[in-house]
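*Asks:* Below is a structure I'd like to ask you about.
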Amino acid sequence: MNLVKIRTLKSTDAEALLRFEMDNREWFERHIDARDSAFYSMQGVTDHIAVYLSDFAAGAWHPFVIEDSAGKIVGRANLKDIDLSERSAEVGYRVAESACGQGLATLAVRHLIQEAQSHWNLKQLVAHVYPENIGSAKVLKRCGFLIEPASRQEGMEHEYRFSLSI
Ligand SMILES: CC(C)(COP(=O)(O)OP(=O)(O)OC[C@H]1O[C@@H](n2cnc3c(N)ncnc32)[C@H](O)[C@@H]1OP(=O)(O)O)[C@@H](O)C(=O)NCCC(=O)NCCS
2 MNLVKIRTLK STDAEALLRF EMDNREWFER HIDARDSAFY SMQGVTDHIA VYLSDFAAGA
62 WHPFVIEDSA GKIVGRANLK DIDLSERSAE VGYRVAESAC GQGLATLAVR HLIQEAQSHW
122 NLKQLVAHVY PENIGSAKVL KRCGFLIEPA SRQEGMEHEY RFSLSI
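Heads up: the sequence shown begins at 2 in our numbering, then just goes up one per residue.
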């Protein structure tokens with residue numbers, strides 16, 4: 002996709018983010034854990050953004066949105082649970098169903114890796130993926146992540162864990 006922009010989430014994104022999440026709710030719920038139904042309202046999304054930006058200010062989370070050339074939100078990507086002493090974080094991402102298959106998730110994960118290095122000075126990234134989420138696993142492998150042999154951790158028996166040393 003031409004002229005895609007990846008930028009940090011802003012407090013003024015509530016309306017556009019709600020639209021993105023509502024348009025793709027059923028699509029996301031086929032691949033990842035469902036959000037609480039209270040999330041799907043202006044108040045719910047405004048609160049969600051406030052928490053993310055507060056965690057960003059605290060150095061615990063870096064939320065990004067992916068915009069198409071018209072400025073429409075077509076995806077999200079996050080550095081989650083940033084641990085500055087361990088120098089690690091988890092990556093998460095979601096792309097609108099209509100924008101899939103164009104390399105956006107790959108672009109977003111590469112952006113997360115770059116930000117993890119240049120902004121946060123991290124050395125380890127992890128990701129959790131359901132085994133049936135073949136597209137997501139492909140994105141991670143393409144970006145250099147390796148599946149961990151003892152991937153199934155306590156409380157995460159149904160997910161694979163990928164990691165990347167940077
Ligand atoms: C997973 C997801 C982020 C991929 O986004 P995307 O922008 O389509 O990803 P990319 O285009 O960068 O790469 C996806 C690759 O997987 C492939 N792929 C997708 N689904 C596939 C499937 N079921 N079987 C085989 N390959 C598949 C695509 O063809 C593409 O490979 P290619 O570039 O060689 O053609 C997107 O499908 C999504 O948001 N899903 C719902 C939320 C989610 O699962 N998030 C990840 C949680 S771990």
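Quick reminder that beta carbons are idealized off the backbone N, C-alpha and C, glycines included.
In three-state DSSP terms, what is HIS32?
*Replies:* Note: HIS32 maps to coil in three-state DSSP.
*Asks:* Does the beta-carbon of ASP37 have 16 or more other beta-carbons within 10 angstroms, so that it is buried, or is it exposed?
*Replies:* Label assigned to ASP37: exposed.
*Asks:* Quick check: the Cα distance between LEU108 and ASP84, rounded to an integer number of angstroms?
*Replies:* Looking at the two C-alpha atoms, the distance is approximately 23 Å.
*Asks:* Is it a yes or a no for the segment 100-115 touching the segment 133-149, going by three-plus beta-carbon pairs under 8 Å?
*Replies:* The answer is yes - the segment 133-149 touches the segment 100-115, with three or more Cβ pairs under 8 Å.
*Asks:* Evaluate GLY76 with the Cβ neighbour count: other Cβ atoms within 10 Å of its Cβ, from every protein chain shown; 16 or more gives buried, anything less gives exposed.
*Replies:* That one is buried.
*Asks:* Express the C-alpha separation of ILE7 and LYS73 in angstroms, rounding to a whole number.
*Replies:* One C-alpha to the other measures close to 11 Å.
*Asks:* Since ILE7 is in the alpha helix (DSSP H), which residue starts that stretch and which ends it?
*Replies:* Element bounds for ILE7: not the alpha helix (DSSP H) but the beta strand (DSSP E), 6-9.
*Asks:* Heavy atom of ligand 1 less than 7 Å from the Cβ of ASN79, yes or no?
*Replies:* No, since every heavy atom of ligand 1 falls outside the 7 Å radius drawn around the Cβ of ASN79.
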